[in-house]
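If you read the sequence shown in this note's numbering, its first letter stands for residue 197, the second for the next number, and so on.
Glycine included, every Cβ here is placed at the ideal spot set by N, Cα and C.
Structure first, commentary second.
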Amino acid sequence: MQIWEDDAVNLDSHDLMILRELQRNGRESYAELSKKTGIPSSTLHDKVKRLMASGVIEKFTIIVDDDKAGYNNIAIIGVETGARQYREVAAKLCELPEVVEVYGTTAEFDLMIKVRSRSRDDLSNILGRIRTIEGVDDIYVSSILEVFKEEHGLPI
């Protein structure tokens, strides 16, 4: 039975179970995944390989604890751009390592970005670099005081 369809990739209920478990722990062995999902290890291996080949699984990575790594200063920034330079500005913002998310929006701002830095001084330097990008007309900075929820996976 097909549960979800995304353009050319059909995901069945086993695919979704595998994705849920791998989002929880991408280092889990096929033997452990098999125990949790009831899917034989050899089938799991084939399904994960197919999910990777189709691009559903882009890569396996880690999640770093922001506080322990010293990157707990977070800002959400609205960026106004010249209409003709929207994509160029977005591309330049994507090149900055401290800019961890870049979104084109239909909101008050052309772009919304999320920046992680080590301190207010570090953030100030990053904001200075953003302001010098050709096409950035203005920025509006909101510092994050508390994080109540921040998910790195999908609600599969």
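Beta-carbon spacing of residue i, residue j below 8 Å
i	j	result
valine 244	valine 205	no
serine 313	leucine 307	no
glycine 324	glutamine 281	no
arginine 296	leucine 289	It should be noted that the sequence gives valine, not arginine, for residue 296. Cβ atoms of valine 296 and leucine 289: not closer than 8 Å.
valine 285	isoleucine 329	yes
Cutoff 6 Å; reference residue i; Cβ partners in own chain excluding five residues on either side
i	result
alanine 265	none
Nearest-angstrom Cα separation, counted from residue j out to residue i
i	j	result
serine 225	proline 351	22 Å
lysine 231	lysine 345	29 Å
arginine 283	isoleucine 272	19 Å
tyrosine 336	glutamate 276	9 Å
valine 260	alanine 287	25 Å
arginine 327	aspartate 333	8 Å
isoleucine 258	threonine 302	31 Å
Simplified DSSP assignment, three categories, for residue i
i	result
threonine 233	helix
glutamate 284	helix
threonine 277	strand
asparagine 221	coil
leucine 207	strand
valine 252	coil
glutamate 291	helix
isoleucine 214	helix
Cβ-based neighbour list, residue i, same chain, cut-off 8 Å, excluding 5 preceding and 5 following
i	result
leucine 195	Shown here, the chain extends from 197 to 352; a query on residue 195 therefore has no answer.
isoleucine 353	Only positions 197 to 352 of the chain appear in the structure, and residue 353 is not among them; the question remains open.
Close beta carbons around residue i, own chain, < 7 Å, minus the five adjacent residues each side
i	result
asparagine 268	Asp262
Could you tell me which whole alpha helix (DSSP H) segments of length 4 or greater appear in the segment 299 to 336? 316 to 327
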